[in-house]
């Protein structure tokens, strides 16, 4: 199969910033791309060859779109999996597979998968409705504190809540959910695993994630993680075991906790390029977006090592601003050493909405982290 400057078509479900950044690399290789997204303003619309407005959860829409391409991938999990299954049956290559996505889409089935494959994860209980949680607490099957997670459609801190007392259960949405042990941890880590159809595997270095206390969103991603080699090795092995269990094709971002006693527990996974790998555009020999293409097109996997230390800062909408976006002081951060902003192309800002990211590279991770702090204090994502 000739992918380059040929009639081959790659389809991408979802036209957000992850799709946009993948298109940097399809343009580099002149791979013809078709993108579908519900928003006519989706960031990917400018960089693909064909752009379609359509509902990713609608069966017919996804099937009809998929029939026009040779390989189909996605940059968002909330897509119609039955449609992906139909397309696979009809001979369209779908990577990652519908089977993988079906397991991952639902946090309860994802957790059961870890349990079945002896992948270390926090203990949990599964509930059809939040009303059942109170019964479990009353009869001693569950005790405070725990983490409540909606089984479906959670992202970036939505659909997640720490429940410390009875009153925290009030106003939870009436959906299938899990209650997970609240794990005291030292670090939140992530490893991105790349795997192609032949089963070739490569991992990116372990990264460390620092979270915003209120928004429950990643604030900084630090590569390499500032942890002992033995812990990094352990995290890498858990990530490899997880990707192998899924027989995954593509990138799998494995988010993990390093507990107080240095155990590694899988929190959750994402079967696509991930926020924890954005640093790789500037800092790695092969960015995560190019690697995703290499995985799903059966090309040789690229070098996952870092050329230099990197810290990524998310640019999210400032708390009190909604409307046409303005990036205040962007020229000041661009004057700083090793700083590259990525602006996703979303015209409207709102509190905590992901609007872009900034990568800071430096030979010394401590210096990169200091500059990242300065970047965070300087740039403001506000509205006009």
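Residue numbers (the numbering used here): 1195 to 1578. Every residue, glycine too, gets a C-beta built ideally from N, C-alpha and C. No experiment lies behind these values; they were computed from the predicted model shown.
| Check | Outcome |
| --- | --- |
| What's the C-alpha gap between residue 1491 and residue 1438? | 18 Å |
| Label residue 1197 either buried or exposed according to how many other C-beta atoms from any shown protein chain fall within 10 Å of its C-beta, with 16 as the threshold for buried. | buried |
| Looking at the structure shown, is residue 1237 part of a helix, part of a strand, or coil, going by DSSP? | helix |
| Rounded to a whole number of angstroms, what is the C-alpha to C-alpha distance between residue 1204 and residue 1573? | 36 Å |
| Any chance the CB of residue 1239 is under 8 Å from a heavy atom of the ligand SAH? | As for the ligand SAH, it is missing from this structure, which has no ligand bound. |
| Three-state secondary structure (DSSP) at residue 1478? | strand |
| Return the residue from the list 1272, 1420 and 1294 that minimises the CA-CA distance to residue 1282. | 1294 |
| Can you list, in chain order, the residues of its chain whose CB lies under 7 Å from that of residue 1546, leaving out five sequence neighbours each side? | 1409, 1411, 1510 and 1511 |
| Could you work out which residue in 1298, 1531 and 1320 is closest to residue 1369 when comparing CA atoms only? | 1320 |
| With distances taken between CB atoms, is the gap from residue 1432 to residue 1313 smaller than 9 Å? | yes |
| Taking only beta-carbon positions, decide if residue 1339 is within less than 9 Å of chain D. | Of the chains in the structure shown, none is chain D; there is only one protein chain. |
| By Cβ distance, which residues of its chain are closer than 6 Å to residue 1268, with the 5 residues on each side in sequence left out? | 1207 and 1208 |
| State buried or exposed for residue 1251, treating a residue as buried only when at least 16 other CB atoms are found within 10 Å of its CB. | exposed |
| Is it the case that the segment 1358-1377 contacts the segment 1324-1342, given that we only count it when at least three CB pairs across the two stretches are under 8 Å? | yes |
| Please go through the same chain and pick out, in chain order, the residues whose beta-carbon is closer than 6 Å to the beta-carbon of residue 1280, but skip the five residues on each side of it. | 1257 |
| Is it right to say residue 1289 is buried, meaning 16 or more other beta carbons lie within 10 angstroms of its own, or is it exposed? | buried |
| How about residue 1428 and residue 1291: do their beta carbons lie closer than 9 Å? | no |
| Relative to the C-alpha of residue 1276, which candidate in 1264, 1259, 1214 and 1296 has its C-alpha closest? | 1296 |
| Please classify residue 1384: is it buried, with 16 or more other beta-carbons within 10 angstroms of its beta-carbon, or exposed? | buried |
| Evaluate the contact criterion for the segment 1450-1468 versus the segment 1218-1237: three or more CB pairs, one atom per stretch, below 8 Å. | no |
| Spatial neighbours of residue 1516 within its chain, please: CB distance less than 8 Å, with the 5 preceding and 5 following residues excluded, ordered by chain position. | 1542, 1543, 1544, 1545 and 1577 |
| Could I get the ranges of all uninterrupted beta strand (DSSP E) runs contained in the segment 1281-1326, with 3 residues as the minimum, in chain order? | 1318-1321 |
| Decide if residue 1335 is buried, meaning its Cβ has at least 16 other Cβ atoms within 10 Å, or exposed. | exposed |
| Could you work out which residue in 1202, 1217, 1259 and 1211 is closest to residue 1230 when comparing CA atoms only? | 1259 |
| Within the continuous beta strand (DSSP E) that includes residue 1460, where are the two ends? | 1458-1464 |
| Return the chain-ordered ranges of every beta strand (DSSP E) run that is complete within the segment 1399-1470 and spans a minimum of 3 residues. | 1401-1405, 1412-1417, 1444-1453 and 1458-1464 |
| What number of angstroms, rounded off, separates the C-alpha of residue 1487 from the C-alpha of residue 1215? | 12 Å |
| Confirm, please, whether the CB-CB distance from residue 1388 to residue 1498 is below 9 Å. | yes |
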